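First up is the structure itself, then whatever we jot down about it.
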Amino acid sequence: MSGRFIVFIFMLLPLFNVPYAQHIDIEKDREQLAIARELIWNFSSEDKIFAILGECKSHFNSLADTCERLFWLSNTEFLYGMVQMGKDNKLLAIQNFEAARNMVTQALQCRTFIDGYALLSEIYVQLMWCKGLVYQLKNIDKMRDVPIKALSLDPNNIKARQSLAVYYINAPQVLGGNINKAIELLSNIDAPSKTEQFATYYILGNAYTRNKDFISAVKYFQLALSLFPQNRWALEDLEAVNQTLKHSPRS
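Residue numbers for the sequence shown follow our numbering, beginning at 974 and rising by one.
So, in structure tokens, the structure goes:
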């Protein structure tokens, strides 16, 4: 469906002081979440994804540090929501995303940290796609201010740049919408993870589609699909752009 953004949360770093043995467990679970994210973005086996997420969730529930526990559980809940988005189960996805939002918001009340704000910004993006225009207008300030807060902590944070770019693409001009700004934010980015690079290409594809630069849109959707060939959203958007080009008057 054109214009849908997969967000895709990505390369989450442990940010809390915990005993070394517990830190090792977090690292292993972080790696498992990265595997789950790649499976989700490529529309792979749901059973395998749920097995990974269930095991990680069990481990995160045992963390003694409340803020750390909430942060990692929020990541897991977010990924459950992304699975439901892939199945077009918006009501279930909303439940997951709202649970993720509530948990990471509580974590941010304990401590200010970049990954928390970056995750929260991505959650708002997904809630926007699920709930539509009314939700977007009611939460437009949060959709802008949360990624800006993240970028104030780390100007190069890719997830925050992606969320702010989505805001610029979708917000009305009178509220700061600016597709060229979105493109500028994401141009020439070399993301550290496959899922983050996919998201960058995919958002650029949507930005160029909105700008009616369909040749560039095709380029970026194809780049996205070179990373995750089975991603249904990118396939659908590429097909829509190709159909537009097919029926456009030749110059």
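Glycine included, every Cβ here is placed at the ideal spot set by N, Cα and C. Just so it is clear, the structure is predicted and the values come from calculations on it, not from any experiment.
Cut-off 7 angstroms between Cβ atoms - residues of its own chain near residue i, not counting five sequence neighbours on either side
i       : result
Leu1218 : Phe1187
Leu1026 : Ala1009, Thr1049, Leu1052, Tyr1053
Asn1112 : Tyr1097
Ile1022 : Ala1009, Leu1012, Ile1013, Val1056
Val1119 : Tyr1090, Leu1093, Ser1094, Tyr1097
Own chain partners of residue i with C-beta closer than 6 angstroms, once the 5 adjacent residues on each side are dropped
i       : result
Ala1066 : Gly1054, Gln1057, Met1058, Cys1103
Leu1043 : Met1076, Gln1079, Ala1080
Pick from the options that is closest to residue i, judged by C-alpha positions
i       : options                            : result
Ala1144 : Ser1160, Leu1106, Ile1131, Ala1133 : Leu1106
Asp1127 : Met1101, Phe1044, Asn1153, Thr1085 : Thr1085
Ala1207 : His1220, Tyr1174, Arg1183, Lys1185 : Tyr1174
Asn1204 : Asn1015, Ser1166, Lys1185          : Asn1015
Lys1060 : Ala1072, Ile1013, Lys1167          : Ile1013
Val1147 : Ser1035, Glu1209, Gln1170, Leu1110 : Leu1110
Three-state secondary structure (DSSP) of residue i
i       : result
Gln1203 : coil
His1032 : helix
Ser1094 : helix
Phe1086 : coil
Ala994  : At Ala994, the pLDDT of 38 sits below 50, so the modelled position is not reliable and the matter cannot be decided from this model.
Ser1221 : coil
Short Cβ contact (8 angstroms threshold) for residue i with residue j
i       : j       : result
Leu1159 : Ala1133 : no
Gln1195 : Ala1172 : no
Tyr1141 : Lys1154 : yes
Asp998  : Cys1029 : no
Leu1211 : Leu1200 : no
Leu1092 : Ser1047 : yes
Thr1168 : Glu1004 : no
Arg1117 : Gly1149 : yes
Ile1131 : Ile1162 : yes
Ile1156 : Ala1190 : no
Residues near residue i by beta carbon distance below 8 angstroms, same chain, minus five either side
i       : result
Tyr1108 : Leu1100, Met1101
Phe1033 : Asp1002, Arg1042, Trp1045, Leu1046, Thr1049
Identify every run of the alpha helix (DSSP H) within the segment 1104-1185, keeping only runs that are complete inside it and at least 4 residues long; order them along the chain. 1106-1111, 1113-1126, 1131-1143, 1152-1159, 1167-1183
Write down every uninterrupted run of the alpha helix (DSSP H) in the segment 1006-1077 whose length is 4 residues or greater and which is fully enclosed by it, in chain order. 1019-1034, 1039-1059
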